[in-house]
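Residue numbers (the working numbering): 26 to 1292.
Worksheet for the structure shown next.
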Amino acid sequence: MSGAEAGFVIGLIGSLISIVDATKKIHDAAGDAKGQPEAFRQVAARLPLVIEILRSAEAAATELDETKWEAIEPILKSCKAKAEKLQEIFQKVVRKDNDQWFDRYKKALRTLGKGDKVECLMEGIQKDTQLLACEKLMGIATEEQVKGLEEGIKEMKEMSASVQEDTWSVTQTHSGTGDNIGHSGSGNNYGGNSHHNQNSGDVIYGNDDPKACLKDLRTTDPRDDKRRIEETKGGLLRDSYRWILDNSEFRRWHDDEHSRLLWIRGDPGKGKTMLLCGMIDKLEESASAASASGSSCLLSYFFCQATDDRINSATAVLRGLIYLLADQEPALLQHVRKTYDKTGKALFVDTNSWFALSEIFINILQDPSLGNAYVIIDALDECKTNLQQLLQFIEKTSPDYPRVKWIVSSRNWPSIEEQLRISEQQVQLRLELNQDSISAAVSTYIKHKVGELAKRKKYEAKLEKSVRDYLSSNADATFLWAALVLKALETIDRRTALERVKMFPPGLSPFYKQMIAQVNESNNADLCRRILSIVAAVRRPITLNELVSLDDKFHKLDCPEDLSNNIEDLEKTVNQCGSFLTIRESTVYFVHQSAEDFLLQENTSQEIFRSGISEVHQSIFSRSLQVMSLALRRDIYSLRAPGITIDQVKQPDPDPLAPVRYSCLYWVDHLVECQSRQDIIKDLQDNGPLYSFLRQYFLYWLEALSLMKSVAEGVVMIRKLEDLQIDESPNLHSFIHDARRFGVYNRSIIEQAPLQAYCSALVFAPEKSIVREMFEQFIPSWIQTKPRVESNWNAMLQTLEGHSSSVTSVSFSPDGEQVVSSSDDKTVRLWDAATGALQQTLEGHSNLVRSVAFSPNSKQVVSSSNDKTVQLWDVTTGALQQTLEGHSEAVLSVAFSPNGKQVVSGSYDKTVRLWNAATGALQQTLEGQQTLEGHFNAVTSVAFSPDGKQVVSGSSNKAVQLWDAATGALQQILKGHSDVVMSVAFSPDGTQVVSGSIDGTIRLWDAATGALQQTLEGQQTLKGHSNAVMSVAFSPDGTQVVSGSSDEAVRLWDAATGALQQTLKGHSDGVISAAFSPNGKQVVSGSFDKTVRLWDAATRALQQTLEGHSNEVTSIAFSPDGKQVVSGSYDETVRLWDAATGALQQTLKGHSDVVISVAFSSDGKQVVSDSYDKTVRLWDAVTGALQQTLEGRSGPVSSVAFSPDGKHIPTLHVSGEWLVEGNTRYLWLPTHYRPTCEAVWGRIVVLGHSSGTLLFLQIQQGLHVSI
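Next comes the structure, spelled out in C-alpha cells:
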C-alpha cells in the first residue's frame, strides 16, 4: 500500500477509534443513572471489543499492499458514519441527571430517523468491523474477538426495539438540541466534573408554518409594485400599450416555441415600464384561460427601481420572482424550504443569498409542477447591485427550459447588449424602430391626461386643445416628458397655463435644465441645491430622518429644538426641488433614473456641486462621524443578555439607529471618494476625527452593524480604510490594521450575537491587540478570570467552517477574491476570501472530492473525485457545466491550462488525461488532448507549466514526470523521493519544478535537465516536516514555497536557500492542501480537521506554542480545595496545574500509553490515573513521585476514583460553541478555544484542548447576566 493511502486509512481508523471511545466514555460517565434504557447499556458493553479490533487494524495499515485500499475505504467510511450517529445520540441522550432519557432519545431520533436506533447502528458497526477482521484484513482479530463480534451482532438483531413504532407521532419535524456533555473519566472531583465535548453546535430548524417561509422570502410583492407604478403614473391606458400586442417581434416571441427571451429596449422615458404592465395584464388573461382549460401556466414578474434599495439588486429580483411563483403554486415552496428549514431568514439576507436563491430558482424551473410559465423583469439597467450576475443568469438560464418564456426590458446599454447575446432563441424589440407606434401611444396618453386635468382645473375647450396640441407636438414619443409637464401644470393657475406650458422646452434634457434654473431662482435655492447634492451623492435613497442628520443646514447637532419640526420643514423643501425628487413612505427618491443621471452630468453638476462633488462626500463623511458619535452606545437596543442572537432581537420603536443607519454603512465610501482633497488630510492624522472616532466608538459601530445585519460589509469597510494612504499617521495605521484582524476573526460571532463584541471578541483577542487594549474596560465584570491568550495575532486570518468532513484541496481564484475547497463530504465550496463567508456549495459528485482548481479567468472551477469523474462548474451560478468521464479509477488531481482551454487530470488508473475544457471531449488529435501513460502507479498530482507546453505529474511510484503537452511524449523522469509524491507544481517562470512527498521532503528540480541540485541555484531538499508532505506550491513571485503536511503544520520556505521561514500552526489534523493567494500575501490551507484556514504570509515569527501537553487532553479534575487541576493526555503524561494562575506545577511521567482518566484523593494529597497501558498509578500530588503501580487488569477502565461521592453535572458548562448556564449563553468560544474536555469547580471553568493546552475562566458567583 502506498504511503499516501496508508495515511488516509490510518487517519480514518484513528478517527473511528476516537469516536467509538468517546461514545463509550459518555455512557460510562452516567453510570447507573435513573431511567437509562437497557438498550444503551447493551450497546455500550459491545464498544470496547470494536475499539480493540480497530487498534489492531490501525497497527496493520502501514503494511498493507495497495490492492487493499479500494476494499477498505468504503467499509471504514460506512462504519464511521454509523459511529458518528451513535455518538450524537449518546451525546444528546446520556446524562447523569434524571429519568428523561427516553424523551431525549425520541427527540434525537426525530433528527436522525427511526432507522438509526442505537441497536441498529451498533449492529451495523459490528458488521463492518467483522467484514474488516474476517475478510479484508484477516489476522487482525483473535478467534475470541471474532466470536465476540458474532455474539454482539446476534444480540443487537434479537434485542427488543429501543423505541416502539407506535410511540412516534405523525409529524416529526422538531428537534431538541440538549447539552453536548459526556464524562471523560474524572473520578471523584469533589464538586468538579469533567466533560468530553465534540463541539457539535445547536441545530436550528425553520418554522414549520409554510406561511412563515413565504413571509420571510417576501421583500416586496411585485403585484403591489405594479399597482403603485400604475397609480403613480396616472393609470394604465389600454390604448397606450395595445400596439405592442400586434407587433411582429412580440408575436414571434409569443408564438414561436423556440423563441424564449424577448428583450424590449429603448431610451429613458419611452414608456417601457407601462408597456410591460400592459403585457403582464394580457399574459395574465392567457394564463387564466390556460388554467381554466386544465393547463398549468404561471406568471411571475419584477420591477427594478434604482431609487428603491428594496428592489434594485439581483437578489431582490430572484426573491420577488420566487415569491410570486410559490404564492401561485404552493408546491414550489418546497425548494425554498429545503434550505430555509436549516438556516431561517438568513437564507434571503446574508452574503450568500444570491447563490442560494439562484440554485432554488433553477430547481423551480426544473420542477414538473411548474408547467408553463412567463418570467418578466423590467428595467434591468436599474438593478444597481450584481447586475452582471443577473444578466449572466438570464443569458444562461433562458434557453435551457422550454416551458419558460422570458421578457426583459432596459435602456440601450452596450454592457447589457454584450451580455444578452442575441441568438435564434432571443428576440429584440427596439422602441426607437417603432417610433410611429410609440408616438401614437403618447398622444393617446396626453389626450387622456389633459382631459382629466381640464376637468379638475376647469379649462375651457380651447385651452384644453391648445395644451394638448403643444404637448403632443413636443413630446417626441417620450412618456416621461409629458408626465413631468403635466405634473407641473397641476400647480399652475389656468389663466397662465398656456403661457407657462409653452415655457417647457421639448426633450427631457432641456426640461431638466429649466428645472435647475427654477431651483436657482427660488427663495430656498441654497437649501434645495444642498438637498439635491446630497441625494445625488448618497449610495442609496435616504429617509428624511437620515437626510436631516447628514447636514447641519437641516439640523444643528447642538440645537435643542424638536427634530420632528426639522423633518416637517425639510419635507416641504424637498417638494420645492423642481420636479427632480419625490417622497414615498418618508424616503426621498429621484422621480426617474434620468433625473439623477442629468444632475451628475459634468456640465450640470457644477450647478449643484458648487465646490465639486468631492466636497459633498467630505461633508457627509464628517457629519457621519459626528452623528454616529452622538447616537451610538453600548447595548443600544437594551438587550442586556450577552448571548442573545440576532434572530431574537426586536427593533425598538422609535429605533435609535434610524437617523444613523446610512452613516454606519457608508461613511467609509464617502471618505474614499474625497481622500484626494487636500483638506481631508487633517482628518486622517493621528489627532484627527477619524482616529478619535475609532478609538472611542469602534465596538459600538460593530454592534450597530450586527443589529443591521451588515457585519460582513463592515469588514469590507475596514479593508477600504486599510488601503488609504495614511503612512504618516502611524497610530491610525496600526489601529486600522488591528481592527481588520479583529473584525475578520470575530465576524461570525458578532453577526450571530451583537453583544459578543464586548465579550468573546475582546476576551479571546491577543493580549497586545490594540482594540483589546483600548476597549478592555468593556469586558464584562462577571468574567473575573480571563483565559490566557496569545500575545499577538498569529498568521491565521480566519477559519472557514462548513464542510462536514476532511478538506482535501483548496485554491485561491486568480483575482484573489474567492477561495474554493473540496472535501470528503462530496462537495465543493466557494468562499469570499475577504470576509470568509460561504458563497456557494456545489453538489454533484457521488463520492469524495479529491482536487479542485479555478480557471485562469476565475469564472470556472474544475473538480475531481473518487467517483472517477472530472466536473466543470460555473462560478457565478454554481451550475454544473460538464462531467468528463474516461478515467477508470479515482481522479486524484486536476488543473486548468494557463489559457483555460484545457484541463489536465491524474488518476489511480495510472494515466494523465488532457481534456477540451469547452466541449469536455478527451481528444487524441493534433490539439494535443490525449492520455499520457507512463506511470506504474496512481497519479497523485498534475500541473501545467506557465506557458502551457509541459505537464508535470507526481505518482505513488515515487517519481516526478515531465510531459510534452502537445504530443504527450514523456520528457523526463525525476527520481529521488523515497515515497509517494503527493504534490507537484511549476515555478512561475517555468524553470523549476517543486514536489512534495510522503517521505517528508520537498524537492526543487531543474525543469530543463531534471537534475536535483544541491548548489547555489537553490534546488535542494527542504526538511522540516515531521510527517508526510501532502501539498506544495510556489508563491506568485517564485521566491517562496508553501507546504502542508500530515503533521498538522503549514510551512513557508525560502525557495532559493531552502531555509524554513515560518511554521503556521492551528489545524488540529493533517494539512492536505496549501496555496498562495495571487498577490502572495495570504496562504490558504485545508485539513483533515474539516476546516479551511487563511493565513497572513507576511508574518515571519513562528507561532508561539504554549508549554503543556503535546497531544489531546483526555481527562481533567479539580482537587478537593479547588486550588489545583490534574489533567491526563494522549501524550502519556499526567500534569498538575495551579487553578488560580494556570501555571504548570508538575509533569508526572510513567505511563506507556494514553492516559484516559485522572482524579484526586479526598484529601488532595494523591492523584490516581488510568491508562491504555492497563495500569492504574498512584502519585504524590505535592512531589509528583510515583507511589504505586497497580497491574493485572486485561484492559483500561473508563474512569478512576477514590470514592463515588461528590459527583454532579455542573451548572456552568460548554455546549457546542458556547459557555452556558442553564439555557443562558454567556461566552462564545472561537474554534481555536473549543475544548475536548472541561472541568468546573464552583465558578471556575477549565477547558482542555487537543493542542495540549488548558484554559482557565472564572465567572462571577450569582451572575446577573448583563452587558
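Ideal placement from N, C-alpha and C gives every residue a C-beta, glycine not left out.
This structure is a prediction, so every number in the text was calculated from the model and none was measured.
DSSP-derived helix/strand/coil call for residue i
{"i": "glutamine 896", "result": "strand"}
{"i": "threonine 1250", "result": "Note that residue 1250 corresponds to arginine in the displayed sequence, not to threonine. Arginine 1250: strand per DSSP, three-state reduction."}
{"i": "aspartate 622", "result": "helix"}
{"i": "lysine 142", "result": "coil"}
{"i": "glutamate 868", "result": "strand"}
{"i": "threonine 503", "result": "coil"}
{"i": "threonine 245", "result": "coil"}
{"i": "arginine 875", "result": "strand"}
{"i": "glutamine 781", "result": "helix"}
In DSSP terms, what residue i is bridged to
{"i": "valine 452", "result": "Leu287"}
{"i": "serine 834", "result": "Ser847"}
{"i": "lysine 597", "result": "DSSP, once it has assigned bridges, lists no residue as partnering lysine 597."}
{"i": "aspartate 1205", "result": "Gln1191"}
{"i": "aspartate 857", "result": "Gln843"}
{"i": "phenylalanine 921", "result": "Val928"}
{"i": "leucine 727", "result": "None, per the DSSP bridge assignment."}
{"i": "phenylalanine 1185", "result": "Val1192"}
{"i": "cysteine 322", "result": "Asn397"}
{"i": "threonine 607", "result": "Tyr614"}
{"i": "histidine 1238", "result": "Val1245"}
{"i": "methionine 181", "result": "Answer by DSSP bridge pairing: none, since methionine 181 is not bridged."}
Contact belief for residue i with residue j at Cβ below 8 Å, rounded distance in angstroms
{"i": "threonine 422", "j": "isoleucine 387", "result": "7 Å"}
{"i": "isoleucine 385", "j": "threonine 364", "result": "7 Å"}
{"i": "glutamate 776", "j": "serine 731", "result": "6 Å"}
{"i": "tyrosine 1258", "j": "leucine 1272", "result": "7 Å"}
{"i": "alanine 562", "j": "isoleucine 645", "result": "7 Å"}
{"i": "proline 667", "j": "glutamine 781", "result": "6 Å"}
{"i": "valine 853", "j": "valine 877", "result": "6 Å"}
{"i": "leucine 286", "j": "alanine 339", "result": "That pair is no contact at about 17 Å."}
{"i": "aspartate 333", "j": "proline 566", "result": "6 Å"}
{"i": "serine 913", "j": "valine 874", "result": "About 18 Å separates the two Cβ atoms, so there is no contact after all."}
Under 8 Å between C-beta atoms of residue i and residue j
{"i": "aspartate 403", "j": "serine 434", "result": "yes"}
{"i": "valine 919", "j": "serine 871", "result": "no"}
{"i": "lysine 295", "j": "leucine 456", "result": "yes"}
{"i": "arginine 335", "j": "phenylalanine 373", "result": "no"}
{"i": "histidine 283", "j": "glutamine 450", "result": "yes"}
{"i": "proline 971", "j": "asparagine 924", "result": "no"}
{"i": "glycine 945", "j": "glutamine 885", "result": "no"}
{"i": "glutamate 477", "j": "leucine 445", "result": "no"}
{"i": "glycine 931", "j": "serine 883", "result": "no"}
{"i": "proline 656", "j": "valine 613", "result": "In the sequence as presented, proline is not what sits at residue 656; that position holds alanine. No, they are not a contact pair."}
{"i": "glutamine 864", "j": "phenylalanine 380", "result": "yes"}
{"i": "glutamine 151", "j": "glutamate 77", "result": "no"}
{"i": "isoleucine 38", "j": "alanine 82", "result": "yes"}
{"i": "leucine 557", "j": "phenylalanine 605", "result": "yes"}
Could you tell me whether the segment 710-720 touches the segment 669-682, using the rule of 3 or more Cβ pairs below 8 Å? No: fewer than three Cβ pairs fall under 8 Å.
With a threshold of 8 Å, are at least 3 pairs of Cβ atoms found where one atom belongs to the segment 1199-1207 and the other to the segment 1175-1191? The segment 1199-1207, when compared against the segment 1175-1191, does touch it at the 8 Å Cβ threshold.
The segment 46-56 / the segment 151-169 touching (three or more Cβ pairs under 8 Å): No: fewer than three Cβ pairs fall under 8 Å.
Check whether the segment 738-754 and the segment 631-650 touch, using three or more Cβ-Cβ pairs below 8 Å as the test. Result no; under three Cβ-Cβ pairs closer than 8 Å.
Per the contact definition of three or more C-beta pairs closer than 8 Å, is the segment 538-549 in contact with the segment 645-655? Note that the segment 645-655 does not touch the segment 538-549; fewer than 3 beta-carbon pairs, one per stretch, sit closer than 8 Å.
Okay, do the segment 753-762 and the segment 822-838 touch, 3+ Cβ pairs below 8 Å being the bar? Segments in contact, no.
Give a yes or no on contact between the segment 232-252 and the segment 314-331, applying the rule of three or more CB pairs nearer than 8 Å. Judged by Cβ distances under 8 Å, the segment 232-252 makes contact with the segment 314-331, as three or more pairs qualify.
I'd like to know if the segment 313-322 and the segment 261-280 are in contact, where contact means that at least 3 CB-CB pairs between them fall below 8 Å. Result no; under three Cβ-Cβ pairs closer than 8 Å.
Would you call the segment 679-694 and the segment 814-821 in contact, with 3 or more CB pairs under 8 Å? Counting Cβ pairs under 8 Å, fewer than three are found: no touch.
Any chance the segment 840-856 sits against the segment 824-832, with 3 or more Cβ pairs inside 8 Å? Verdict: yes, contact present.
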